[in-house]
Each structure stands twice: as C-alpha cells, then as structure tokens.
Amino acid sequence: LGADEGIVLADEVFEGSDSFITAYILTKAIQKIGDYELVLCGRQAADWDEGLVGSIIAENLGLPLVTLAEAVDVADGELRVKRVTLDGYQVFAVPTPAVVTVSNEVGQP
C-alpha cells in the first residue's frame, strides 16, 4: 500500500471553513482526480475538533467508510482495516474504493 502522488489544496477561501464545506471541497477534488482506491483522512482537525470530514466525504461519494484505523492493508482487491475500539480491535474487509479515517495509533510499532 503506497501513494502514487500527493495533492495539496490550499487557498485563502478555505480558511475558517467548517467540516461540511471542507468535505465538499475535498469531495469535488476527489471526483476530479477520478481514479483512486483509498481516500485516507485524519481523525479530526484541531480547529473544529468534530471528526466529521471523512464521514461526509464517504457519504458524498457513496463509498464504504471505516473509522479509527490503526492499520490498512490491500489484499485480493479489498482493504483489510484494523480498527481501534474501546475493547481492543476489529478487523474489516471492505471493497475499494473506500474512505478510511486513522486513529492516533496509526503507524505505531
């Protein structure tokens, strides 16, 4: 699993945008890009602290969503996502493309 490229969206018009406007802007950019397997989002932004953007993007695009991922692997054309819960972990297999939000534990050895 790796990224072929990264894209930065930056404009003064984005400053102060709430979760819905941010998700709308990102959704439109994702639709313009077109060919993707995974939309990876952070858990939440420090400014609004709502944790909604990933969920809204998934809804806008009609894609499956897994939140609070600690690890993501690709196997047999699907994503295997290890998700953090209060009781430990859950593992999900979801078709691509999908939206995954990461937990604070992502990437820890």
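Here the numbering used here = 1-based position in the sequence shown + 193. Every residue, glycine too, gets a C-beta built ideally from N, C-alpha and C.
Evaluate the contact criterion for the region 259 to 272 versus the region 213 to 220: three or more CB pairs, one atom per stretch, below 8 Å.
no
Next item on the list: Could you check if Ile200 is buried or exposed, using at least 16 other CB atoms within 10 Å of its CB as the buried criterion?
Entry: Counting from 1 along the sequence shown, the entry for residue 200 is found at position 7. Exposed.
Measuring only the C-alpha atoms, how far is Leu233 from Thr294?
The count along the sequence shown starts at 1 and reaches residue 233 at position 40. The count along the sequence shown starts at 1 and reaches residue 294 at position 101. For Leu233 and Thr294, the distance between alpha carbons rounds to 6 Å.
Quick one: residues in its chain with C-beta nearer than 7 Å to the C-beta of Gly244, no 5 flanking neighbours on either side, listed in chain order?
On the sequence shown, position 51 is the one that residue 244 refers to. The beta carbon of Gly244 sits closer than 7 Å to the beta carbons of Arg236 and Gln237 from its chain, once the five residues preceding and following it are set aside; these are given in chain order.
>> Assuming contact is defined by CB atoms lying nearer than 7 Å, are Pro290 and Leu256 in contact in what I supplied?
In response: Residue numbering aside, residue 290 sits at position 97 when the sequence shown is read from its first letter. Residue numbering aside, residue 256 sits at position 63 when the sequence shown is read from its first letter. In this structure, Leu256 lies closer than 7 Å to Pro290 by Cβ.
Could you compute how far the alpha carbon of Ile250 sits from the alpha carbon of Asp280? Translated into positions along the sequence shown, residue 250 becomes position 57. Translated into positions along the sequence shown, residue 280 becomes position 87. Ile250 and Asp280: Cα-Cα distance of roughly 27 Å.
(message) Suppose you measure from the CA of Lys275 to the CA of Leu202; what does that come to, to the nearest Å?
(response) By one-based count along the sequence shown, residue 275 stands at place 82. By one-based count along the sequence shown, residue 202 stands at place 9. So the two alpha carbons sit approximately 28 Å from each other.
Margin query: Check for me: the beta strand (DSSP E) holding Phe285 runs from which residue to which?
Written below: The residue you call residue 285 lines up with position 92 of the sequence shown. Its beta strand (DSSP E) spans residues Gly281 to Pro288.
Exercise for review: Taking Glu271 as part of the beta strand (DSSP E), name the residues at either end of that continuous run.
Suggested key: Stepping through the sequence shown from its first residue, residue 271 is reached at position 78. Its beta strand (DSSP E) spans residues Glu271 to Thr278.
Check your understanding: Could you give the distance in angstroms between the alpha-carbon of Tyr217 and the alpha-carbon of Asp228?
Key -> Position 24 of the sequence shown holds residue 217. Position 35 of the sequence shown holds residue 228. About 18 Å.
Checklist entry - Where do the ends of the alpha helix (DSSP H) carrying Glu252 lie? => result Looking up residue 252 in the sequence shown gives position 59. For Glu252, the uninterrupted alpha helix (DSSP H) run begins and ends at Val246 to Leu254, by DSSP.
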